[in-house]
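Since the structure comes first, as structure tokens, the remarks are kept for the end.
Residue numbers (the working numbering): 4 to 515.
And the structure:
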């Protein structure tokens, strides 16, 4: 019983290597062929679908690139769509959208075949099947050597798995070459279809395009030279000269001469109008300046006259007080002769100061007359005598300054007299206190008068300077406007005069 079981087990082992493994190898080869054909059919369907769509196009034009991109988006094969998009991008970047680049760079087996199809076209399946058959044969050959009594196999049957594996491997190798050839044929058909409807760059095509463009440029140059020669002959003809001469004369008479005459008349009218407006403006400017200056001077001199009248009244009061003081001092003359002499000297100094002030007032009255005469001549000043006005104003300022210095000197002398009197009033304190108070009041009033005179003089100077500056500014602005208009008019006349000789010189040159 055990011997029978052992015989069946050994028999089953032998059948596995003799029948099972070769059957598995044949089955693997059949499955490999089915899968590879399926992958090839998928690629063929995608490419044939693209070819059918391209057949709908008309003519070979680069504008079909839009339809090609649309067909690529609609394709079921992602690899085919990606390759076509790469071609379109290269066309735009490298050839400015005028050519498609060489199709072999993108439309090839490596870029279009699926990974399963690529593995089908490798030698790995054939090698694996051949190796499995070889191993099975080696196992059958080694087992009898290990256990000769249990395994007794015919030596011809030992090589059966090796023969089957070798045959299947050779068949798969042949199928691989056929499959690769079919794949390349399908891809080549797609390339031919694209080249049929879209321009594809190549060395021959670029050279042909260059020759075509050079030929076109040569023809255009020949046509241009022919046209130029014909135009030159027509230019040289006498009829053309006569027509040009008559045309230029007509243009000069009808279009150039009337505008020049009109411009001359307009220029004369404009010059007359400008002269009239300038005279009116200068007269109005001088009148306004004279009125404003007279008004300002009348205001300033009114206040000055009021201050002078106040000063005269104060001087009268001072004289009355001095006379009273003399009467008081006369009573005590016997007691203090020296005091009487000093007081007499003080009175004499005050009298001299009064005379000096009177003289200065007369001088100021003379300068007032000078200012009145300057006011009357102010219109003449605007004709170019600004320096005389400045000298008159400077003289007035110098005179006023001298008057102020004289007044200050008189005040200083009065103060010295007061200081001398204060030394003597120790003996007659009651009589000199009243005199001192009056003299202090006089000094304060004189200070007020001096301040008023300074303010009046300063105000007069500032207002006069402002009026003169404003008037001169207005005059300069008006004069600048007049000069600008005259420059613009002169430029227009110069341009017209410069253009006229050029237009006239062209006609005599052609007549010669």
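For every residue, glycine included, the Cβ atom is placed at its ideal position computed from N, Cα and C. Treat the numbers as computed from the prediction; the structure is a model and nothing was measured.
Close beta carbons around residue i, own chain, < 6 Å, minus the five adjacent residues each side
i, result
"residue 512", "With a pLDDT of only 44 at residue 512, under the threshold of 50, the placement of this residue in the model should not be trusted; the figure read from the coordinates follows. The answer is none, since no qualifying residue turns up."
"residue 129", "172, 175 and 176"
"residue 441", "324"
"residue 231", "none"
"residue 166", "none"
"residue 317", "448"
"residue 226", "none"
Where residue i falls: helix, strand or coil (DSSP)
i, result
"residue 103", "strand"
"residue 20", "helix"
"residue 498", "helix"
"residue 13", "For residue 13, the predicted model reports a pLDDT of 44, less than 50, meaning its position is unreliable; a value from the coordinates is still stated below. DSSP places residue 13 in helix when its eight states are reduced to three."
Member of the options whose CA lies at the smallest distance from the CA of residue i
i, options, result
"residue 163", "264, 19 and 369", "19"
"residue 477", "366, 404, 405 and 286", "286"
"residue 24", "65, 458, 135 and 121", "135"
"residue 44", "187, 246, 448 and 492", "187"
"residue 104", "69, 84, 30 and 202", "202"
"residue 313", "455, 223, 102 and 218", "455"
"residue 55", "401, 451, 458 and 192", "192"
"residue 198", "348, 90 and 319", "90"
"residue 461", "404, 279 and 47", "404"
"residue 52", "65, 124 and 71", "71"
"residue 101", "69, 73, 412 and 319", "69"
"residue 88", "246, 98 and 74", "74"
"residue 472", "280, 288, 348 and 490", "288"
"residue 326", "309, 315 and 351", "351"
"residue 118", "98, 149, 148 and 46", "46"
"residue 498", "290, 451, 218 and 262", "262"
"residue 280", "484, 372, 96 and 225", "484"
"residue 495", "249, 149 and 265", "265"
"residue 354", "369, 319 and 233", "319"
Integer-rounded CB distance, given that residue j should sit under 8 Å from residue i
i, j, result
"residue 140", "residue 161", "6 Å"
"residue 194", "residue 106", "5 Å"
"residue 49", "residue 76", "So it is not a contact: roughly 13 Å between Cβ atoms."
"residue 170", "residue 39", "No, residue 170 and residue 39 are not in contact; Cβ-Cβ is about 18 Å, not under 8 Å."
"residue 82", "residue 115", "5 Å"
"residue 168", "residue 143", "Rounded, the Cβ-Cβ distance is 13 Å, inconsistent with contact."
"residue 178", "residue 65", "With 8 Å as the limit, residue 178 and residue 65 do not qualify as a contact, their Cβ atoms being about 41 Å apart."
"residue 109", "residue 86", "4 Å"
First through last residue of the alpha helix (DSSP H) which encompasses residue i
i, result
"residue 83", "81-97"
"residue 76", "68-77"
"residue 167", "163-200"
"residue 42", "24-57"
"residue 115", "112-115"
Close-in-space but distant-in-sequence residues of the same chain around residue i (CB under 8 Å, 5 per side omitted)
i, result
"residue 26", "none"
"residue 111", "190"
"residue 196", "53, 54, 57 and 58"
Other residues of its chain near residue i: CB distance less than 7 Å, five sequence neighbours each side excluded
i, result
"residue 200", "57, 60, 63 and 67"
"residue 22", "none"
"residue 93", "104"
"residue 32", "132, 171, 174 and 175"
"residue 275", "none"
"residue 185", "43"
"residue 124", "179, 182 and 183"
"residue 309", "none"
Residue i: CB within 7 Å of a non-hydrogen atom of the ligand ZN
i, result
"residue 187", "The ligand ZN is absent from the structure shown, which contains no ligand whatsoever."
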